[in-house]
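The structure under discussion appears below in the form of structure tokens.
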Amino acid sequence: MTLLTFRFAPSPNGELHLGHAYSALLNQQMAKAAGGRLLLRIEDIDTTRCTPQFEAGIYRDLKWLGLGWEEPVRRQSGHFTDYQAALDRLIGQEFVYPAFMSRSEIRAFIADREKRGRDWPRDPDGVPLYPAADKALPVKERRRRIAGNAPFAWRLDVDAAMAHVGKALSWTEFTDETLSATRQIEARPRDWGDVIVARRDVPTSYHLAVVVDDALQAVSHVVRGKDLYAATGVQRLLQEVLGLPQPAYFHHRLVLGPDGRKLSKSLGDTGLATLREAGASPDDVRKLVGL
Numbered sequence: 015m016t017l018l019t020f021r022f023a024p025s026p027n028g029e030l031h032l033g034h035a036y037s038a039l040l041n042q043q044m045a046k047a048a049g050g051r052l053l054l055r056i057e058d059i060d061t062t063r064c065t066p067q068f069e070a071g072i073y074r075d076l077k078w079l080g081l082g083w084e085e086p087v088r089r090q091s092g093h094f095t096d097y098q099a100a101l102d103r104l105i106g107q108e109f110v111y112p113a114f115m116s117r118s119e120i121r122a123f124i125a126d127r128e129k130r131g132r133d134w135p136r137d138p139d140g141v142p143l144y145p146a147a148d149k150a151l152p153v154k155e156r157r158r159r160i161a162g163n164a165p166f167a168w169r170l171d172v173d174a175a176m177a178h179v180g181k182a183l184s185w186t187e188f189t190d191e192t193l194s195a196t197r198q199i200e201a202r203p204r205d206w207g208d209v210i211v212a213r214r215d216v217p218t219s220y221h222l223a224v225v226v227d228d229a230l231q232a233v234s235h236v237v238r239g240k241d242l243y244a245a246t247g248v249q250r251l252l253q254e255v256l257g258l259p260q261p262a263y264f265h266h267r268l269v270l271g272p273d274g275r276k277l278s279k280s281l282g283d284t285g286l287a288t289l290r291e292a293g294a295s296p297d298d299v300r301k302l303v304g305l
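Here the working numbering runs 14 ahead of the position in the sequence shown, where the first position is 1.
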């Protein structure tokens with residue numbers, strides 16, 4: 015019998031806060047209830063913002079909370095060859111293309127279109143979709159620019175990928191924490207446009223790394239915040255074109271600050287280390303997050 019596998023996957027680019035505590039503890043609770051496994055993954059592909067100090071803090075905070083996980087811990091920065099192999103497949107299948115437009119060029123392109131009265135589409139996070147003007151570049155011109163060290167990112171040709179799949183996409187979403195009921199959710203990857211799946215110097219992005227990792231680690235249940243709910247559509251598309259298994263998903267509620275906004279590392283919300291130093295106990299944290 016295959017054990018159900020859950021994972022908690024923080025990025026070491028800041029201190030863990032109450033929102034992370036809720037997600038980690040909920041993964042632990044659900045894995046235990048299902049008689050399954052809990053893995054810890056360190057998502058550190060952003061080598062400029064992720065630091066060993068923040069990673070060490072993650073281990074301290076999680077151990078203080080009483081979280082246990084299977085060893086070894088998978089650190090994404092040690093597995094770039096796995097992501098490169100997946101990227102090479104996407105390149106070979108022509109599901110990605112090199113995108114050369116800079117941020118300033120993107121802004122100028124969109125501003126010009128909007129001046130002409132065209133409302134530019136935006137993704138679920140409110141970011142304008144990539145214009146994809148260079149998707150039509152001839153192969154010879156693409157190679158010339160790459161050979162000339164022009165900066166670029168590999169973007170998913172979502173229309174080509176969807177045409178290859180040839181069917182409507184969906185995912186299985188659990189509707190409560192007991193894993194007792196599910197529903198099928200329509201995957202809408204086109205809402206995000208041609209997202210970045212890798213960069214010239216880093217052979218992956220969050221979307222590509224997470225689907226490769228979940229497959230290699232045999233993750234059966236992805237339990238994460240509702241802020242990633244819409245992004246699941248892009249990941250389902252990548253799973254389909256790469257032939258990767260589909261986990262089931264549960265997108266839990268977010269822990270909000272007193273002002274009603276989502277907690278954030280960058281905005282200096284109360285971190286677990288600060289709470290611990292102030293005398294809080296793991297039980298206090300559980301109460302604060304509603305567990």
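Where a beta carbon is used, it is the ideal one built from N, C-alpha and C, also for glycine.
| Asked | Found |
| --- | --- |
| I5 - DSSP class collapsed to helix/strand/coil | Residue 5 cannot be examined here, being either before or after the span of the chain that is shown, 15 to 305. |
| The alpha helix (DSSP H) enclosing R300, as first and last residue numbers | P296 to L302 |
| Alpha-carbon spacing of H266 relative to W185, whole angstroms | 16 Å |
| Backbone secondary structure at H93 - three-state DSSP | coil |
| When K46, S37, L54 and T95 are compared against V226, the one with the closest alpha-carbon | T95 |
| Alpha-carbon to alpha-carbon, G180 and Y97 | 25 Å |
| Endpoints, beta strand (DSSP E) assigned at H306 | Summary: the structure shown does not reach residue 306, with the chain confined to residues 15 through 305, and so no result is reported for it. |
| Residue burial classification, L230 (beta-carbon count within 10 angstroms, cutoff 16) | exposed |
| Assumed close pair V172, D208 - CB separation to whole angstroms, cut-off 8 Å | 6 Å |
| Best match in Q249, I105, A45 and D215 for proximity to D60 [C-alpha to C-alpha] | D215 |
| Beta carbon proximity, M115 to chain D, threshold 9 Å | Absent from the structure: chain D. Only one protein chain is present. |
| Limits of the unbroken alpha helix (DSSP H) element including E155 | V153 to A161 |
| Residue environment, L104, which counts as buried when at least 16 other CB atoms sit within 10 Å | buried |
| Neighbourhood of A244 by C-beta, 6 Å cutoff - its chain only, sequence neighbours within 5 removed | P138 |
| Beta-carbon gap between E29 and A287 smaller than 9 Å | yes |
| Opposing strand residues paired with K276 [DSSP bridges] | L270 |
| Residue interval of the beta strand (DSSP E) (run including T186) | S184 to F188 |
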